[in-house]
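Notes follow once the structure below has been shown.
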Amino acid sequence: MSKILIEVLPILILLVVIGGVMFRLPKVEISHSDAFIKRRRMNWIILGLTYAFLYFGRYNLAVAKTALDEAGLMSNETFGHIFGIGSIVYGCAFLINGPLCDRVGGRTTLLIGAIGSAIANALMGGFLIAHESIGNALGFNLNLTIVFTVLYAINMYFQSFGAVSIVKVNSAWFHVRERGIIGGIFGILISLGLYFAYDWNGIILDNFGVNYVFLIPAATLLTMFVVALTVVRDTPSKAGLEDFNTGDATSGETGPADSPLVVFKKLLTNPIILTIAAIEFCSGFIRNAIMQWGPTVAKVVPIHENDFIFNNWGMVSCCAGILSGIFAGVISDYVFKSRRGPVATILYAGLLIGCGVLFCVLDNVMFGVTFAFMSLCVIGVHGMLSGTATMDFGGSKNAGIATGIIDAFVYLGSGAQAFILGNMLPDVNSDGKEFAADPNNWYIWPACMLPFIVVGLLLSIRIWNATVKKDKKPDAIAPATSNDTNYDVVTGGDVKTDNNETDNNETDNNKTDNNENDNNVTDK
């Protein structure tokens, strides 16, 4: 059985099992037509695959790093600087990309991101092929570090369109009561992207060479650009269906959109948004501290040389992320009434336990299991907060800017870890291999993660009860294809009328007819 089949088969089986479980879950009380469900499914699958393949062209640098290091072209410190600068560019890009996404739509910005990242990856691959010829033509050699710093920063700018686009588009297609599961799907997409990035690029590296680690993702993104252009639509109405009241922070508002400065001011003075941003800064530090450096530890510490988890890391991380995403989405929607804070708290508690165990297992076979568990937890947090809470608290109108703010903090955290760990961890090139092979020299790695885990946990506890609160009556209610006026989107309980009196008999279990609902029920 081929290596690819061995890796892909468990993922397919897991997806089938999870699909069966999801089918048997109690349905959220939102009724959509069969045509709507089918069109929405097609929309988010292509949207999601494009997002996942952006990862294919983002973390390929981490895969290429080992080969470039062995060739004397990229040390740990150099990689840390290149990835760190790219992460900072990604984090700052939201100032442009968030408002742009809200103005022109997530479909357009997704297409911009895919084509831009494809070009940047093609240039990196092309430079590796032709850098000697280019140097001869110019009369001097171009410095690989400088060229890759510039090209990877350009790549990360276009990569930053991915998250804001997927959240913006999905915010118009999913009601707030359905979005916990969407947060789970967001986690699955991240996991598939990591699988593409690490395992597929690893296979490409082994069989075709380091140049194609950049060229093949570029070709894939060009293909997805064409598919997304054909299939993805921003809203149900643009796909020939009816728009509906999504029940989020801006649902039902039909007036002109606020200017980006007004939206930034609203969001940056919202204590919940700021708390989520701080949590996601910690998540960004932890996620990339795990993803970027864990496989490096496994490669250089001899006891982990034949570890199944690291030899099949893309597949294992994908399965872990799928489980994490579905776990987070299900308990958010079905246990915590669409609250996101409790899920983040539980997963951060898991990270704290995992980090404590990590100190004890750097030199034994439980290292891989612990590493996979921590990956599961941090992917779940990121999917739930960046993929779902931003839709809830930003609202469908402002989802681009809200996601941009949160994702900016994720990648500022990523940039911080790249600079810190890139300069503090043992170098794995020929000069430092003997020192790096001793697991005792890697304790600084979990030690650097620990304070960020503690802070993230404490902040997650602070938003335990955070829910969407509508502070004004919407201008109008968009045509609804769901019974979304039969419950309070803030508490998940009974709807309140204009005189703030709750009439359980009128709203319980959707038993009133449509006329009674129209006369007696208003949005909170």
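Numbering (numbering that gives the first Met the number 0), first residue to last: 0 to 523.
Ideal placement from N, C-alpha and C gives every residue a C-beta, glycine not left out.
Which listed residue (272, 457, 110) has its alpha carbon closest to that of residue 223: Ranked by how close their Cα comes to the Cα of residue 223, the residues 272, 457, 110 have 110 in first place.
- request: Please classify residue 424: does DSSP put it in a helix, a strand, or coil?
  value: The answer is coil: DSSP assigns residue 424 none of H, G, I, E or B.
task: Helix, strand or coil for residue 528, going by three-state DSSP, please let me know.
output: The structure shown does not extend to residue 528, since the chain is modelled only from 0 through 523, so no value can be given for it.
- prompt: When we look at the beta-carbon of residue 442 and count the other beta-carbons within 10 Å, is it buried (16 or more) or exposed?
  reply: With fewer than 16 other Cβ atoms within 10 Å, it is exposed.
query: For residue 446, does the count of other Cβ atoms within 10 angstroms reach 16, so buried, or fall short, so exposed?
result: exposed
field: the stretch 84-92 / the stretch 190-198 touching (three or more Cβ pairs under 8 Å)
entry: no
query: Whose C-beta lies closer than 7 Å to the C-beta of residue 51 among residues of the same chain, with five residues either side of it excluded?
result: 188, 191, 192, 195
field: Separation of residue 70 from residue 387, as counted between CA atoms
entry: 42 Å
- prompt: Within 10 angstroms of its Cβ, does residue 232 collect 16 or more other Cβ (buried), or is it exposed?
  reply: buried
- request: List the endpoints of the continuous alpha helix (DSSP H) containing residue 59.
  value: 59-69 is the extent of the alpha helix (DSSP H) around residue 59.
task: Kindly list the residues whose CB is nearer than 8 Å to the CB of residue 405, restricted to its own chain and excluding five residues on each side of it in sequence; keep chain order.
output: Excluding the 5 residues flanking it on each side, residue 405 has same chain C-beta neighbours closer than 8 Å at 272, 275, 276, 279, 384, 385, 388, 389, in chain order.
message: Assuming residue 396 is part of the alpha helix (DSSP H), what are its boundary residues?
response: From DSSP, residue 396 is part of no alpha helix (DSSP H); its letter is neither H nor E.
- prompt: Closest to residue 90 by CA distance: which of 421, 365, 162 is it?
  reply: 162
- prompt: Taking DSSP as the reference, what is the three-state secondary structure of residue 381?
  reply: helix
- request: Give the DSSP-derived three-state secondary structure of residue 73 in the structure shown.
  value: coil
- request: Identify, in the order they occur along the chain, each residue of the same chain with its Cβ nearer than 7 Å to the Cβ of residue 41, setting aside the five sequence neighbours on each side.
  value: 230
query: Would you call the stretch 115-128 and the stretch 202-215 in contact, with 3 or more CB pairs under 8 Å?
result: yes
- request: With DSSP collapsed to three states, give me the class of residue 334.
  value: coil
query: Going along the chain, which residues of its own chain have a beta-carbon closer than 7 Å to the beta-carbon of residue 440, five neighbours each way excluded?
result: 425, 434
task: Measure the beta-carbon distance from residue 374 to residue 319 and round it to whole angstroms, keeping in mind my assumption that it falls under 8 Å.
output: A Cβ-Cβ distance of about 5 Å is found for the pair residue 374 and residue 319, placing them in contact under the 8 Å criterion.
message: Measuring alpha carbon to alpha carbon, tell me which residue in 205, 303, 357 is nearest residue 436.
response: 303
message: Check for me: the alpha helix (DSSP H) holding residue 450 runs from which residue to which?
response: 443-461
7 Å Cβ shell around residue 262 - same chain, five flanking residues per side excluded: 397, 400
query: Leaving out the 5 sequence neighbours to the left and right, which residues in its chain are closer than 8 Å to residue 53 when beta-carbon positions are compared?
result: Counting only Cβ-Cβ distances below 8 Å, and skipping sequence neighbours, we find 112, 113, 116, 158, 161, 192, 220.
- prompt: Contact between the stretch 337-352 and the stretch 455-463: three or more CB pairs below 8 Å?
  reply: yes
- prompt: Are residue 329 and residue 45 touching if we call contact CB-CB under 9 Å?
  reply: no
- request: Determine the burial state of residue 367: buried for a count of at least 16 other Cβ atoms within 10 Å of its Cβ, exposed for fewer.
  value: Here residue 367 is buried. Its C-beta has 16 or more other C-beta atoms within 10 Å.
field: For residue 303, the three-state DSSP class (helix, strand or coil)
entry: Reduced to three states, the DSSP call for residue 303 is helix.
- request: For residue 524, name the three-state secondary structure that DSSP assigns.
  value: Outside the displayed span of the chain (0 to 523) sits residue 524, for which this structure offers no information.
- request: Give a yes or no on whether the C-beta atoms belonging to residue 448 and residue 308 are separated by under 9 Å.
  value: no
field: Pairwise C-alpha distance: residue 31 and residue 239
entry: Residue 31 has its alpha-carbon roughly 14 Å from the corresponding atom of residue 239.
query: Under the three-state reduction of DSSP, which class applies to residue 258: helix, strand or coil?
result: coil
task: Determine the closest residue to residue 217 out of 200, 206, 205, with distance taken between C-alpha atoms.
output: 200
Beta-carbon proximity list for residue 144, same chain, < 6 Å, skipping 5 on both sides: 77
Residue 235 beta carbon less than 9 Å from that of residue 38: yes
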